[in-house]
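Just so you know, we're using the numbering used here here: the sequence shown kicks off at 1 and counts up by one. Backbone N, C-alpha and C define an ideal beta-carbon position, used for all residues, glycine too. Here the structure is laid out as structure tokens; the discussion comes afterwards.
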Amino acid sequence: MKLNSIMTKEYNTTTTHDNIMHEKGWAVFNEIVDLELIEKLTKDLESSYKIRRPIQEKNGVAANTAGTSHHLLADGKSFFEFLSRLYLDNEIKSYFDGNYILNTYGGNLNLRGQHTYASNVHRDVRTYTSDIKLLLNILVVLDDFTLDNGATYLLSGSHLKKDKPSETYFFDNAERVLAKKGSIVLWDANLWHAAGENKTDGPRRALSLIYSKPFMKQQFDYCRHIGFEQIENMPPGLRQVLGYNSRTPTTLEEWYQPLEKRFYKSDQG
Numbered sequence: 001m002k003l004n005s006i007m008t009k010e011y012n013t014t015t016t017h018d019n020i021m022h023e024k025g026w027a028v029f030n031e032i033v034d035l036e037l038i039e040k041l042t043k044d045l046e047s048s049y050k051i052r053r054p055i056q057e058k059n060g061v062a063a064n065t066a067g068t069s070h071h072l073l074a075d076g077k078s079f080f081e082f083l084s085r086l087y088l089d090n091e092i093k094s095y096f097d098g099n100y101i102l103n104t105y106g107g108n109l110n111l112r113g114q115h116t117y118a119s120n121v122h123r124d125v126r127t128y129t130s131d132i133k134l135l136l137n138i139l140v141v142l143d144d145f146t147l148d149n150g151a152t153y154l155l156s157g158s159h160l161k162k163d164k165p166s167e168t169y170f171f172d173n174a175e176r177v178l179a180k181k182g183s184i185v186l187w188d189a190n191l192w193h194a195a196g197e198n199k200t201d202g203p204r205r206a207l208s209l210i211y212s213k214p215f216m217k218q219q220f221d222y223c224r225h226i227g228f229e230q231i232e233n234m235p236p237g238l239r240q241v242l243g244y245n246s247r248t249p250t251t252l253e254e255w256y257q258p259l260e261k262r263f264y265k266s267d268q269g
């Protein structure tokens, strides 16, 4: 296991960021989310988990989903506020070489003694895509990440290799993300990673978002859930990230539209 070297604000030029993402596959941006919003996100994550846990238990998936909450944007609250601020928008656009949308929006409490799918060595894209950038992981640190409370393991450079490393190699060589609350971690979805084990009595909470190329199917229909009445009043950047510029027409009336009214815009790749 190795300790990570974390990027500082003055180090975050887009060119430097691109180089680090290509070579290491991940980068940390220290304490860039204000603590007032972090506190709201933490409180709302706890509330959202209480909504989802009974559903997980009722549907027979409780064992593998302890501490996890999916599709938080469905709850609105501070989750929508975070997304609307478009943190690291330039860096994310540079990674995708163009526009991007939200693929999924979740969170994790990482409780003591908990082992879920996130604890396994895994990558979040099912098909190895090499230099084709389809997905990008976003981790928002809500509690300080430490060695004791389950700081995430990331295997630098593993996004450049197709085959899964052995668990021994992974845990001997992976770096731990030691970051303060308010930090944001980005990593290439081809990167092998795993949640660490929490050995403390408190939760190690984080938001886990994935952004994607606009042509990819979202894991949740955010546009339909939020609705279409206020599209024109929505900030352009937020409208883009939510997926309103890359929708699928469902009728011929929706299909036959002038360029400015088309569901799938021409700049979506």
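Among residues of its own chain, excluding the 5 on either side of Pro249, which ones have a beta-carbon nearer than 7 Å to its beta-carbon? Counting only Cβ-Cβ distances below 7 Å, and skipping sequence neighbours, we find Trp255, Phe263.
Enumerate, from N- to C-terminal direction, the unbroken alpha helix (DSSP H) stretches of 4 or more residues contained entirely within the segment 102-135. none
Minimum C-alpha distance to Glu81 - residue among Asn90, Glu260, Leu238: Leu238
Gly60 to Pro54, Cα distance in whole Å? 10 Å
Taking the CB atoms as reference points, tell me whether Leu111 and Pro203 lie closer together than 7 Å. yes
Could you tell me the distance, in whole angstroms, from the CA atom of Tyr222 to the CA atom of Asn173? 38 Å
Give me the residue from Tyr153, Leu209, Gly98, Phe145 with the minimum Cα distance to Ser266. Gly98
Expressed to the nearest angstrom, what Euclidean distance is found between the alpha-carbon atoms of Ala74 and Glu46? Distance from the CA of Ala74 to the CA of Glu46, rounded to the nearest whole angstrom, comes to 15 Å.
Please check the pair Ser119 and Ala194, which I expect to be a contact at CB under 8 Å, by giving their CB distance rounded to whole angstroms. 6 Å
Through-space distance from Asn108 to Leu72, alpha-carbon basis: Straight-line Cα distance between these residues: approximately 11 Å.
Does Phe145 come out as helix, strand or coil in the three-state DSSP assignment? coil
Which class does Trp255 belong to by DSSP, given the choice of helix, strand or coil? helix
Which whole-angstrom value is the C-beta distance of Leu191 and Leu154, which I expect to be below 8 Å? 6 Å
According to the Cβ coordinates, are Tyr95 and Lys133 closer than 7 Å? yes
Which stretch, first to last residue, makes up the beta strand (DSSP E) that contains Leu209? Unbroken beta strand (DSSP E) run through Leu209: 206-212.
Going by other Cβ atoms of all chains shown within 10 Å of its Cβ, with 16 needed for buried, is Thr152 buried or exposed? buried
Measuring CB to CB, does Val125 end up less than 7 Å from Ala206? no
State buried or exposed for His17, treating a residue as buried only when at least 16 other CB atoms are found within 10 Å of its CB. That one is buried.
Coarse secondary structure for Val241, derived from DSSP in three states: Looking at Val241 - three-state DSSP - the assignment turns out to be helix.
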